[in-house]
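Heads up, the sequence shown is in this note's numbering, so the first residue is 447 and it goes up one at a time.
Cβ coordinates follow ideal geometry from the N, Cα and C atoms, glycine included.
It should be emphasised that the depicted structure is a prediction, and the values quoted were computed from it without experimental measurement.
One structure is given here, and the rest of the page talks about it.
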Amino acid sequence: MASASFDDKIEEKKPTVQVGDPFTEKLLLEACLELMAGDSIIAIQDMGAAGLTSSSIEMASKGNLGIEINLNKVPCRESKMTPYEIMLSESQERMLIVLENGKEKQAKKNI
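Put into structure tokens, the structure is as follows:
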């Protein structure tokens with residue numbers, strides 16, 4: 447992306463372009479702090495460059511674990527994104543969080 451030019455085919459490149467949103471970033475920061483104050487988080491990783499591909503592999507590697515991702519459950523900013531686009535989609539306002547099994551409802555209450 448760094449050397450790509452933006453022309454009349456920009457819509458084709460949209461899933462790989464990061465667009466910052468300061469308000470959403472603040473909400474995400476506050477939600478993460480709330481979750482971190484509890485005891486439900488096992489691991490947390492930002493999803494900046496390379497989206498799920500990078501963040502999930504980094505998290506699994508640091509924990510010496512494997513990872514399985516159900517792409518049907520990943521919130522997408524565009525409808526009809528392909529699995530490839532979902533895995534590579536970058537977003538400055540996303541975090542990958544691994545919760546203790548069974549603590550999902552408790553985590554949702556905290557945010």
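Burial state of residue i (16 or more Cβ within 10 Å)
i    : result
R523 : exposed
M505 : buried
E480 : exposed
E514 : exposed
E476 : exposed
Presumed contact (8 angstroms Cβ cut-off) between residue i and residue j, rounded CB distance
i    : j    : result
G497 : E471 : Contact doesn't hold; Cβ gap of about 16 angstroms is too wide.
D492 : M533 : 16 angstroms between Cβ atoms; not a contact.
S486 : L545 : 5 angstroms
Spatial distance of residue i from residue j (CA atoms)
i    : j    : result
E531 : I543 : 20 angstroms
N547 : N510 : 18 angstroms
K508 : F469 : 30 angstroms
D467 : G512 : 31 angstroms
K551 : T499 : 26 angstroms
K554 : P529 : 26 angstroms
M473 : I490 : The sequence given here has Leu at residue 473, not Met. Their Cα atoms are separated by approximately 16 angstroms.
As an exercise, report each continuous alpha helix (DSSP H) stretch of at least 4 residues that is fully enclosed by the stretch 470-555, in chain order.
Taking only runs of at least 4 residues, the alpha helix (DSSP H) segments lying wholly in the stretch 470-555 are 497-508, 529-534.
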